[in-house]
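A.B. asks: The structure that follows is given in the form of structure tokens.
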Amino acid sequence: MVEKKGRFRSKPKGMTSAPRRRNVSQLQGGVGLLTQQASQMSNNLFIARRSSGLISGSLEDRQSGRNLVRLSNPRISQIKNDRLYHLGLDTTNTNMPSRFGDIKFVVIGESAGQMEEFARLLAKDISQSKENNVENLARGGNSPYAMYKVEDVLILSHSLGAPSISILLNELIKLMHHAHCNSMTFIRIGQSGGVGVRPGTVIVSEQVFDAQLRNSHEVVVMGKPQLWPTKLNGQLAKDLIDMNMPANDGFEAIAGHTMSTNDFYEGQFRLDGAFADYNEVDKQVFLSQLVEKGIRNIEMESTAFAAITHKANIRSAIVCVTNLNRLNGDTITATKEQLDVWDRRPQKLVSRFIQQNLNIPSSTTKVNFSPNSKTTQ
Ligand code: URA
0 MVEKKGRFRS
10 KPKGMTSAPR
20 RRNVSQLQGG
30 VGLLTQQASQ
40 MSNNLFIARR
50 SSGLISGSLE
60 DRQSGRNLVR
70 LSNPRISQIK
80 NDRLYHLGLD
90 TTNTNMPSRF
100 GDIKFVVIGE
110 SAGQMEEFAR
120 LLAKDISQSK
130 ENNVENLARG
140 GNSPYAMYKV
150 EDVLILSHSL
160 GAPSISILLN
170 ELIKLMHHAH
180 CNSMTFIRIG
190 QSGGVGVRPG
200 TVIVSEQVFD
210 AQLRNSHEVV
220 VMGKPQLWPT
230 KLNGQLAKDL
240 IDMNMPANDG
250 FEAIAGHTMS
260 TNDFYEGQFR
270 LDGAFADYNE
280 VDKQVFLSQL
290 VEKGIRNIEM
300 ESTAFAAITH
310 KANIRSAIVC
320 VTNLNRLNGD
330 TITATKEQLD
340 VWDRRPQKLV
350 SRFIQQNLNI
360 PSSTTKVNFS
370 PNSKTTQ
């Protein structure tokens with residue numbers, strides 16, 4: 000479970016050597032002393048990381064070899080009251096194992112409204128009761144994150160872009176760790192711009208590329224860029240596509256690569272933003288490169304989602320509907336009603352998948368599940 004190769008260096012890259020720090024200490028007194036202490040702490044931290052990593056769950060969990068969430072911050076287990084600030088929860092006010100220890104699936108998507116709708120759909124589909132009231136469990140005040148729990152499924156909104164989804168995933172992964180969750184599946188659902196596909200088509204991501212067409216998510220730590228690999232679970236993606244019955248559903252779910260950018264306008268080379276120092280020909284040339292590469296949709300969260308879940312040892316998938324075909328234009332012209340219909344498509348597939356994996360007979364969706372498509376971790 001602990002990554003052995005590459006992750007743990009004997010010395011942090013770019014770290015100044017100890018003797019040089021001592022010289023600085025002589026010159027600058029107290030500040031230098033602090034630097035020296037920081038250097039020592041840094042070294043200790045790396046020794047701790049190299050020898051352990053941090054795997055969630057009890058000793059029993061670890062010995063049983065269950066698939067646990069992986070954190071690489073040895074300090075977390077020493078924090079008395081770990082505060083999940085944006086979710087408004089902490090380890091003192093919430094008994095994490097009893098409240099969230101049963102979670103097997105986490106489904107996240109852009110807006111609180113969409114995710115509340117998904118929670119209601121799921122409550123109707125998987126709960127025995129007819130009641131489909133759901134309560135927002137996030138207590139983060141003005142934060143954009145809403146959280147609903149339906150049986151073994153946690154449903155949250157992540158708002159727009161990589162910074163926002165990264166904050167949520169950090170707190171969510173710590174929550175899973177404190178709750179001793181194991182064998183987790185995370186799925187992101189949402190909207191995207193299609194590349195050469197009919198609007199309304201659902202794309203289940205195979206690979207994720209950033210705006211420089213790298214299979215990585217760039218994280219800048221203390222001024223230095225790190226590239227985290229963006230890896231999704233291929234079998235999970237296939238199983239989600241298997242949930243689609245095009246003839247009944249009236250839409251298609253297909254596999255494709257996804258490009259993730261840090262912006263909706265120039266970042267996605269639109270010509271309808273406030274700035275565009277390029278033209279239609281430049282845009283079409285780049286779009287044809289994307290088509291060539293197998294990229295079928297563009298959105299703003301996938302690199303962070305794929306990289307962070309992979310780093311935390313969580314299997315994950317991305318299911319996004321397309322709301323325009325970028326080969327034909329940049330402005331989303333579909334009506335609100337049409338967009339609402341499209342939004343429900345990823346929800347429908349994911350709800351079926353969850354029903355199947357929780358062994359719940361599908362009453363409302365009338366899906367004929369083949370035993371072969373059941374996913375195991
Ligand atoms: N549609 C787009 O065109 N881009 C996004 O990032 C999301 C939806």
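Residues in the sequence shown are numbered from 0 upward in steps of one, following numbering that gives the first Met the number 0. Beta carbons are placed, not taken as given, at the ideal position from N, Cα and C, and that holds for glycine.
So is Arg269 in contact with chain C if we call contact Cβ pairs under 8 Å?
C.D. replies: Considering every chain present, this structure includes no chain C. It has just one protein chain.
A.B. asks: Candidates Ile317, Thr308, Gly199: which alpha carbon is nearest Thr334's?
C.D. replies: That would be Gly199, whose Cα lies nearest to the Cα of Thr334.
A.B. asks: With 16 as the cutoff for other CB atoms within 10 Å, does Ser76 come out buried or exposed?
C.D. replies: Exposed.
A.B. asks: Any chance you could list the alpha helix (DSSP H) runs of at least 4 consecutive residues sitting entirely within the segment 273-309, in chain order?
C.D. replies: Listed in chain order, they are 279-292.
A.B. asks: Counting only the same chain and skipping the five closest in sequence on each side, list residues whose C-beta sits under 7 Å from that of Asp209.
C.D. replies: These residues qualify, in order along the chain: Ser215, His216, Glu217, Ser259, Thr302.
A.B. asks: Which residues bound the beta strand (DSSP E) around Lys223?
C.D. replies: Note, Lys223: beta strand (DSSP E), 223-228.
A.B. asks: Ignoring anything shorter than 3 residues or poking outside the segment 95-152, list the beta strand (DSSP E) runs there in chain order.
C.D. replies: The segment 95-152 contains these whole beta strand (DSSP E) runs: 104-108, 146-149.
A.B. asks: Compare the C-alpha of Gly193 against each of Asn232, Asn324, Ser204, Gln206 and name the closest.
C.D. replies: Measuring from the Cα of Gly193, the nearest candidate turns out to be Asn324.
A.B. asks: Helix, strand or coil for Asn80, going by three-state DSSP, please let me know.
C.D. replies: Asn80 falls in the coil class under three-state DSSP.
A.B. asks: Considering only residues of the same chain and omitting the five flanking positions on each side of Ser165, which have a CB-CB separation below 7 Å?
C.D. replies: Excluding positions up to five away in sequence, the list reads Ala303, Ile307.
A.B. asks: Within the continuous beta strand (DSSP E) that includes Gln234, where are the two ends?
C.D. replies: Segment 233-241 is the alpha helix (DSSP H) holding Gln234; no beta strand (DSSP E) there.
A.B. asks: Is it true that the CB of Arg82 sits closer than 8 Å to the CB of Thr184?
C.D. replies: Not a contact, by the Cβ cut-off of 8 Å.
A.B. asks: Which same chain residues end up closer than 7 Å to Met95 when comparing Cβ atoms and leaving out the 5 residues on each side of it in sequence?
C.D. replies: So the list reads Leu174, His177, Ala178, once near-sequence residues are dropped.
A.B. asks: Flag this pair as touching only if the segment 224-240 and the segment 111-129 have three or more C-beta atom pairs under 8 Å; answer yes or no.
C.D. replies: Output reads no: the segment 111-129 does not touch the segment 224-240.
A.B. asks: From Ser51 to Leu153, what does the alpha carbon distance come to, in whole angstroms?
C.D. replies: Low confidence applies here, because Ser51 scores a pLDDT of 35, under 50, leaving its location unreliable and the question unanswered by this model.
A.B. asks: Buried or exposed for Thr91, going by 16 or more other Cβ atoms inside 10 Å?
C.D. replies: Burial call: exposed.
A.B. asks: Report yes if the C-beta of Asn322 is less than 7 Å from at least one heavy atom of the ligand URA; otherwise report no.
C.D. replies: Flag set: Cβ of Asn322 near the ligand URA.
A.B. asks: List the endpoints of the continuous alpha helix (DSSP H) containing Val218.
C.D. replies: Unbroken run through Val218 is the beta strand (DSSP E), 215-220; no alpha helix (DSSP H).
A.B. asks: Check the DSSP bridge columns for Asn324 and list the partner residues they point to.
C.D. replies: Paired residues: Gly193.
A.B. asks: Please report the Cβ distance between Gly293 and Gly233, rounded to the nearest whole angstrom; I am assuming they are in contact, meaning their Cβ atoms lie under 8 Å.
C.D. replies: Going by Cβ atoms, the distance from Gly293 to Gly233 rounds to 14 Å, so no, they are not a contact pair.
A.B. asks: Reducing DSSP to helix, strand and coil, say where Glu265 ends up.
C.D. replies: Three-state DSSP puts Glu265 in a helix.
A.B. asks: Tell me, to the nearest whole angstrom, how far the beta carbon of Val201 is from that of Ala252; I am working on the premise that it is less than 8 Å.
C.D. replies: At roughly 4 Å, the Cβ-Cβ gap stays under 8 Å, so Val201 and Ala252 are in contact.
A.B. asks: Decide if Ile78 is buried, meaning its Cβ has at least 16 other Cβ atoms within 10 Å, or exposed.
C.D. replies: Per the 10 Å Cβ criterion, exposed.
A.B. asks: Please indicate yes or no: does the CB of Ile379 lie closer than 7 Å to some heavy atom of the ligand URA?
C.D. replies: Residue numbering for the chain in the displayed model covers 0 to 376; residue 379 lies beyond these limits and cannot be assessed.
A.B. asks: Could you check if Ala273 is buried or exposed, using at least 16 other CB atoms within 10 Å of its CB as the buried criterion?
C.D. replies: So Ala273 counts as exposed.
A.B. asks: Assign Ile46 to buried or exposed, taking buried as 16 or more other Cβ atoms, counted over all protein chains shown, within 10 Å of its Cβ.
C.D. replies: Since pLDDT at Ile46 reaches only 28, below the 50 mark, its modelled position is unreliable, and no value is offered.
A.B. asks: When you compare the CB positions of Ser163 and Ala145, do they come within less than 8 Å of one another, or not?
C.D. replies: Not in contact: Ser163 and Ala145 (Cβ atoms no closer than 8 Å).
A.B. asks: Helix, strand or coil for Gly199? Go by DSSP, reduced to three states.
C.D. replies: Of the three classes helix, strand and coil, the one that applies to Gly199 here is coil, per DSSP.
A.B. asks: Identify every run of the alpha helix (DSSP H) within the segment 325-351, keeping only runs that are complete inside it and at least 4 residues long; order them along the chain.
C.D. replies: Segments of the alpha helix (DSSP H) lying fully in the segment 325-351: there are none.
A.B. asks: CB of Ser204 to nearest heavy atom of the ligand URA: below 7 Å?
C.D. replies: No; taking the cut-off as 7 Å, the Cβ of Ser204 has no heavy atom of the ligand URA nearer than that.
A.B. asks: Would you kindly work out how many angstroms separate the C-alpha atoms of Lys347 and Gly112, rounded to a whole number?
C.D. replies: The alpha-carbon atoms of Lys347 and Gly112 are separated by roughly 16 Å.
A.B. asks: Quick check on Lys223: buried or exposed, where buried means 16 or more other Cβ atoms within 10 Å of its Cβ?
C.D. replies: Label assigned to Lys223: exposed.
A.B. asks: So what's Ile188 in DSSP terms, helix, strand or just coil?
C.D. replies: Strand.
A.B. asks: CA-CA distance, Ala161 and Val290?
C.D. replies: Between Ala161 and Val290, the C-alpha separation is close to 23 Å.
A.B. asks: Grab the span of the beta strand (DSSP E) containing His256 for me, first residue to last.
C.D. replies: Taken as a continuous stretch (DSSP letters only), the beta strand (DSSP E) holding His256 covers 252-259.
A.B. asks: With a 10 Å radius around its C-beta and 16 neighbouring C-beta atoms as the bar for buried, classify Arg187 as buried or exposed.
C.D. replies: Arg187 is buried by the Cβ-count criterion.
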